[in-house]
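Take the sequence shown: its letters are residues 40 to 691, numbered as in this note's numbering.
Each residue gets a CB set at the ideal place from its N, CA and C atoms; glycine is no exception.
To start, the structure itself, in structure tokens.
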Amino acid sequence: MKSSFLVLALASLCSGASYFFDGSAKVAGQGSEAHPYNNLSVISSLKLQPGDKILLKRGSSIPGPLVLTTSGSATAPINIGAYGNATKPKPVVVGGGLSTVLIQGASHVVVEDLEVTNPGDNKSALRGVYIYGLDSGNVKDVTVQNLYIHDVRGYMPSTTGGVISVGKYANASGAIVIEAAGSTTPTYFTGIKIQDNEIRSVDRQGIYTWSNWCQRPELAAFWFTLCTAPWYASTGLLVQRNRLYDVGGDGIVVKGYDGAIVKDNLVVGFNKRSKSPNAGVWTANSINSLFQYNTVSGGTTTSDGMSYDVDHSTSGTVFEYNVSHDNEGGFFLLCPYDKPTANFTIRYNLSVNDKTRIFQICAGALTGGKIYKNTIQIGSGLSPAIVTEDTTAALDVLFTDNIIRKEGSGTATWKLQDEYFSVVKNSFYGSINTYANASGSITEAPGLAAPGLRDPKAYYLLSGYPTLDVASDVVGDASVDFFNNPTAGHKNLGFYSGAGTKIPTWISNFDDSDISAWKSSSGGATVSPDPAGDFGNSVQLAPSSVFSRSTGTSLPFRFNARIWIDAVVTTKPVSIRVGSTSKAVDITLKDPNTYRTGEWQILEVLLTASGQSATLGGTALTTVPVSDKAGLVVFSAGQSKVYIDDVFVTGQ
40 MKSSFLVLAL
50 ASLCSGASYF
60 FDGSAKVAGQ
70 GSEAHPYNNL
80 SVISSLKLQP
90 GDKILLKRGS
100 SIPGPLVLTT
110 SGSATAPINI
120 GAYGNATKPK
130 PVVVGGGLST
140 VLIQGASHVV
150 VEDLEVTNPG
160 DNKSALRGVY
170 IYGLDSGNVK
180 DVTVQNLYIH
190 DVRGYMPSTT
200 GGVISVGKYA
210 NASGAIVIEA
220 AGSTTPTYFT
230 GIKIQDNEIR
240 SVDRQGIYTW
250 SNWCQRPELA
260 AFWFTLCTAP
270 WYASTGLLVQ
280 RNRLYDVGGD
290 GIVVKGYDGA
300 IVKDNLVVGF
310 NKRSKSPNAG
320 VWTANSINSL
330 FQYNTVSGGT
340 TTSDGMSYDV
350 DHSTSGTVFE
360 YNVSHDNEGG
370 FFLLCPYDKP
380 TANFTIRYNL
390 SVNDKTRIFQ
400 ICAGALTGGK
410 IYKNTIQIGS
420 GLSPAIVTED
430 TTAALDVLFT
440 DNIIRKEGSG
450 TATWKLQDEY
460 FSVVKNSFYG
470 SINTYANASG
480 SITEAPGLAA
490 PGLRDPKAYY
500 LLSGYPTLDV
510 ASDVVGDASV
520 DFFNNPTAGH
530 KNLGFYSGAG
540 TKIPTWISNF
550 DDSDISAWKS
560 SSGGATVSPD
570 PAGDFGNSVQ
580 LAPSSVFSRS
590 TGTSLPFRFN
600 ARIWIDAVVT
610 TKPVSIRVGS
620 TSKAVDITLK
630 DPNTYRTGEW
640 QILEVLLTAS
650 GQSATLGGTA
660 LTTVPVSDKA
670 GLVVFSAGQS
680 KVYIDDVFVT
690 GQ
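Structure, rendered in structure tokens:
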């Protein structure tokens with residue numbers, strides 16, 4: 040009995056006090072739910088304790104800044120979040136200075152369920168959320184999750200005269216900035232989590248880390264003027280499941296960390312306004328960083344403009360299971376400067392239609408690099424350099440077991456002279472200039488299932504092709520491939536380690552503007568440029584239109600398509616029917632939580648005699664069996680405008 044009372048007492052202590060804020064309240068209250076505060080400046084006078092909550096009313100807007108300098112505890116963090124009717128929008132915190140939300144020197148904090156914005160004229164440093172330590176020692180356990188951050192208009196080179204450092208390094212601008220500053224007390228972060236946030240239209244950075252505690256023998260020389268204190272690495276950074284759109288400069292940047300993990304993030308559109316070098320997801324002056332299952336597209340300009348970057352003063356970096364497509368600058372940047380970039384691994388990634396450079400190497404040496412088992416599709420009209428070097432330093436890199444396929448017009452080239460860059464046993468197919476130092480190359484068709492599409496499953500390998508079961512053994516290889524197949528099962532070239540698959544029954548990607556195999560309601564379907572600005576075309580369905588064709592196969596089969604829904608519609612939502620002559624299912628997208636508007640998502644439907652399943656963007660969908668045996672796939676737009684692309688059917 041005593042133990043029960045003890046548990047209840049501890050639970051009560053951990054729950055803490057709640058302080059309520061409502062920006063729409065005309066009269067300032069005392070912080071209760073019935074009489075909330077209406078000004079965030081009150082927070083500085085609160086005697087906050089571990090487990091306390093700062094709660095903002097859903098559906099309301101309140102001027103910033105929201106500043107927290109008090110720590111919670113490991114078992115009872117201070118929570119900044121929302122209260123009120125769960126059907127109403129997140130509470131909005133607007134501007135208020137350099138940082139709309141500032142967590143300064145505080146540990147054990149959770150910030151969640153807010154909308155954050157910081158509008159401005161792009162002439163000064165502005166941030167959405169700023170996690171900041173100034174001579175603070177170890178700042179621990181800060182989580183930022185489920186925020187909607189948008190229209191943060193901080194300074195950047197294009198708006199302040201062109202100096203490329205503006206908006207990054209110390210005092211950076213962007214949606215979420217994490218900075219360890221000071222010079223007297225070593226300051227670093229432990230256990231920061233940035234997860235499940237949506238970030239739109241921000242300048243300059245999306246998610247950015249910086250530390251003044253950076254100087255070490257491995258540091259590139261030019262950074263010694265940018266950061267001045269000795270190296271104290273931050274640890275335990277986890278950046279996951281964030282979605283970033285329309286970023287003025289860099290997407291996600293890790294600097295000053297040991298063992299950071301960046302995974303399952305989406306970046307659509309970066310380097311949009313900065314007019315300076317920026318990349319999608321990258322790291323500098325960090326060790327043992329892991330980047331996996333990220334997707335980056337829509338990078339503009341060739342001032343960098345690549346999806347991914349292993350930059351200077353790094354070692355032990357791994358990029359695996361990532362997707363890159365439709366980036367002006369290309370796929371990967373390797374940028375060592377005067378100190379070698381060491382022991383990096385780039386494996387099991389997919390690149391589709393990255394335009395200018397597949398791999399670019401800046402000035403400086405590379406040591407212990409491995410680039411292997413990547414699949415690279417280069418579309419018609421593109422002529423990128425596969426590897427281009429801007430250095431005479433030694434490049435100790437193993438480049439092996441990759442598939443590079445060039446389609447249509449244009450020629451892929453090599454701008455590589457270094458004798459230490461070892462190009463061994465790769466598949467090169469299509470109009471690709473021969474690299475004189477390559478050995479063991481396979482030049483027959485690689486057998487990609489549906490090349491040119493942006494669905495990773497379009498790059499399964501077909502049975503009977505020479506890329507199957509011929510890969511070399513690379514020391515330290517991953518245990519699974521992109522699709523979680525064991526790599527020991529089939530030692531294939533490229534990012535797929537499964538068994539050979541069947542040729543798709545049919546493929547439609549609409550780049551040739553041909554929709555003759557499809558039927559549509561009058562005027563309802565038109566071929567149009569990709570709505571995301573990606574290379575090629577898609578089909579646009581007007582509201583109320585229907586678009587269909589025969590699946591052309593019997594059970595079992597897999598149906599894949601990319602779908603873009605313009606807006607949430609609940610009265611007549613988008614629906615899809617997928618069927619054979621013996622079985623069909625309907626999928627109705629009436630729940631807006633099952634899809635996202637204004638972006639591409641992959642729809643996959645699997646039909647077998649004994650069951651069926653469907654996912655959209657990885658989220659499971661409800662399938663309803665219907666009696667229709669016409670053997671069709673039917674897209675019904677409902678009251679929304681819909682785009683369709685990259686459609687294919689494969690027997691199982």
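According to DSSP, residues forming a beta bridge with residue i
i	result
Ile170	Ile142, Ile217
Pro582	For Pro582, which the question treats as bridged, DSSP gives no partner whatsoever.
Leu487	Leu500
Ala323	Lys294
Thr229	Lys179, Thr274
Gln651	Leu646
Thr565	Gln579
Asp348	Trp321, Leu372
Leu283	Ile238, Val306
Best match in the options for proximity to residue i [C-alpha to C-alpha]
i	options	result
Ser352	Thr406, Pro595, Asp190, Phe370	Thr406
Leu594	Asn118, Ser649, Ala451	Ser649
Gly657	Asp303, Val663, Gly90, Phe460	Asp303
Ser506	Gly537, Gly515, Ala517, Asp516	Inspection of the sequence shows that residue 506 is occupied by Thr rather than by Ser. Of the listed residues, the one whose Cα sits closest to Thr506 is Gly537.
Trp167	Val624, His189, Val150, Asp550	A quick correction: the sequence has Gly, not Trp, at residue 167. Nearest C-alpha to Gly167: His189.
Ala697	Arg493, Leu455, Ser652	Given that the chain is displayed from residue 40 to residue 691, the structure contains no residue 697 and the question cannot be resolved.
Ala581	Gln678, Val513, Val132	Gln678
Lys311	Gly245, Asn599, Ala623, Val106	Gly245
Asp91	Gly111, Leu105, Asn333	Gly111
Ile400	Leu372, Arg386, Val391, Gln416	Leu372
Ser328	Ser346, Thr339, Thr340, Val357	Val357
Lys232	Ala571, Lys530, Thr248	Thr248
Leu87	Gly469, Ala56, Ala381, Ala73	Ala56
Val301	Gly275, Asn413, Ser583	Gly275
Proximity below 8 Å, CB of residue i to CB of residue j
i	j	result
Gly176	Thr224	yes
Ile641	Arg601	yes
Gly308	Asp285	yes
Leu645	Arg597	yes
Ala497	Ala510	no
Phe534	Leu655	no
Asn324	Cys374	no
Val681	Trp603	yes
Gly355	Asp393	no
Asp118	Val81	Sequence inspection shows Asn at residue 118; the Asp mentioned does not correspond to that position. It is not a contact, given that the beta carbons lie outside the stated cut-off.
Asp435	Gly418	no
Asn472	Asn441	no
Tyr208	Leu265	yes
Pro423	Ile397	yes
Ser577	Ser567	yes
Asp61	Ser99	yes
Ser273	Ala219	yes
Phe460	Thr482	no
Ala571	Gly338	no
Burial state of residue i, where buried means 16 or more other Cβ atoms lie within 10 Å
i	result
Asn124	exposed
Glu154	buried
Thr526	buried
Val293	buried
Ala145	buried
Gly201	exposed
Lys65	exposed
Phe574	buried
Ala211	buried
Pro664	exposed
Asp551	exposed
Thr322	buried
Val216	buried
Ser675	buried
Ala50	In this prediction, Ala50 scores a pLDDT of 46, lower than 50, which makes its location untrustworthy; no coordinate-derived value is stated.
Residue i - containing alpha helix (DSSP H), residue span
i	result
Ser197	196-199
Element boundaries [beta strand (DSSP E), containing residue i]
i	result
Cys253	252-254
Asn599	596-604
Pro130	Element bounds for Pro130: n/a, residue is neither H nor E.
Ala623	623-627
Asp435	434-439
Gln416	414-417
Phe549	That residue, Phe549, is in no beta strand (DSSP E); it is neither H nor E in DSSP.
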